[in-house]
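>
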Ligand SMILES: C[S@@+](CC[C@H](N)C(=O)[O-])C[C@H]1O[C@@H](n2cnc3c(N)ncnc32)[C@H](O)[C@@H]1O
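Residue numbers (the working numbering): 3 to 266.
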């Protein structure tokens, strides 16, 4: 099957499956204030049952496992899950299990988890609304969802278009970096009560960023060309550097099930 005729999820699984080790090794993914915040939230609910959705190389799972009762690392990619299972065993985390599954159709029963965590995965989901409804279904009525992702800065339309264009050129399995307002609206529509997002900035060194997902040279050249053609307001916002390194906006969203939906 050509990539043009493949369903989106197969495309995502192929993109990440062939780069699983690179995502485990990635310095951009292995550390960050967001991981520390997630670890603190899990530590505040000792022995809770956690889902790490779109676990990738497993950095959220490793942050949660010392405090959680159980952690289920879930991803479309079986190669990612193999990396996480090996690393969890190497670290002696006997409370980590892996499960292949799609965010839009989670293979778990209703109210199965105290916490559903997802970091840097949602911008690949084909149907954000359906995935958030699934997160709401599998989290307990008194549970918590925590989502971290790159966000659109919510400035001009050009800032948004540039961000999505570069992301898509780098990785055709990209869907959308939503703005904080789009996120809050989507979380509410799915039955959550979102708190104020916690904003941060993430500098991405260009060479490892494109190497990690195997962007072909023609598309790397297109990204560099696009970066060079942006007006100062856009170039300055994304702090585009001479070698193509740039700085993106991220946000951490904590969301509790809305009271009127807590019937499960
Ligand atoms: C950038 S990696 C995640 C990084 C990881 N969460 C971390 O914090 O290091 C994105 C992951 O999301 C997974 N993914 C994308 N779309 C998905 C979907 N619809 N359902 C489940 N997993 C998905 C990909 O397979 C990939 O492993």
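By construction, the Cβ of each residue, glycine as well, lies at the ideal position given by its N, Cα and C atoms. Here the structure is a predicted model, which means the values were calculated and not measured.
1. Based on the DSSP secondary-structure assignment, which residues constitute the bridge partners of residue 137?
2. By how many angstroms is the C-alpha of residue 143 removed from the C-alpha of residue 266?
3. Can residue 152 and residue 125 be called in contact, C-beta distance under 8 Å?
4. Do residue 248 and residue 221 have their beta-carbon atoms positioned less than 8 Å apart in this structure?
5. Is residue 211 near ligand 3, judged by its Cβ being under 7 Å from some heavy atom?
6. With 16 as the cutoff for other CB atoms within 10 Å, does residue 105 come out buried or exposed?
7. Quick one: what's got a C-beta closer than 6 Å to residue 197's C-beta in the same chain, skipping five residues either side?
8. Any contact between the segment 43 to 63 and the segment 152 to 167? By contact I mean 3 or more CB pairs, one from each, below 8 Å.
9. Regarding residue 262 and ligand 1, is the C-beta to nearest heavy atom distance less than 7 Å?
10. Between which two residues does the alpha helix (DSSP H) containing residue 186 stretch?
11. Does the segment 154 to 172 touch the segment 130 to 145, meaning 3 or more C-beta pairs lie closer than 8 Å?
12. On the three-pair Cβ rule with 8 Å, is the segment 113 to 124 touching the segment 86 to 101?
13. Can you tell me where the alpha helix (DSSP H) with residue 208 in it begins and where it stops?
Working from what's here:
1. The residue you call residue 137 lines up with position 135 of the chain shown. Per DSSP, residue 137 has no beta-bridge partner at all.
2. What you label residue 266 is simply residue 264 of the chain shown in a count that begins at 1. What you label residue 143 is simply residue 141 of the chain shown in a count that begins at 1. Caution applies to residue 266, whose pLDDT of 47 falls short of 50 and renders its modelled position unreliable; the value that the coordinates give is listed next. Going by the C-alpha atoms only, they are around 6 Å apart.
3. Position 150 of the chain shown, counted from the start, is the residue given in the question as residue 152. Position 123 of the chain shown, counted from the start, is the residue given in the question as residue 125. Yes. Within cutoff.
4. One-based indexing of the chain shown puts residue 221 at position 219. One-based indexing of the chain shown puts residue 248 at position 246. For the pair residue 221 and residue 248, the CB atoms are not nearer than the 8 Å cut-off.
5. For ligand 3, the structure offers nothing, since it holds only ligand 1.
6. Your numbering for residue 105 matches position 103 in the chain shown. Buried.
7. Counted from its first residue, the chain shown places residue 197 at position 195. The answer, listed in chain order, is 256.
8. By the Cβ test, the segment 43 to 63 is not in contact with the segment 152 to 167, since fewer than three Cβ pairs between them sit closer than 8 Å.
9. As a first step, residue 262 is located in the chain shown; it is residue number 260 there, counting from the start. Every heavy atom of ligand 1 is 7 Å or more from the Cβ of residue 262, so no.
10. Translated into the one-based positions of the chain shown, residue 186 becomes position 184. Annotation for residue 186: the continuous alpha helix (DSSP H) segment containing it runs 182 to 191.
11. No contact exists between the segment 130 to 145 and the segment 154 to 172.
12. The segment 113 to 124, when compared against the segment 86 to 101, does not touch it at the 8 Å Cβ threshold.
13. Residue numbering aside, residue 208 sits at position 206 when the chain shown is read from its first letter. In the DSSP assignment, residue 208 falls within the alpha helix (DSSP H) that extends over 208 to 215.
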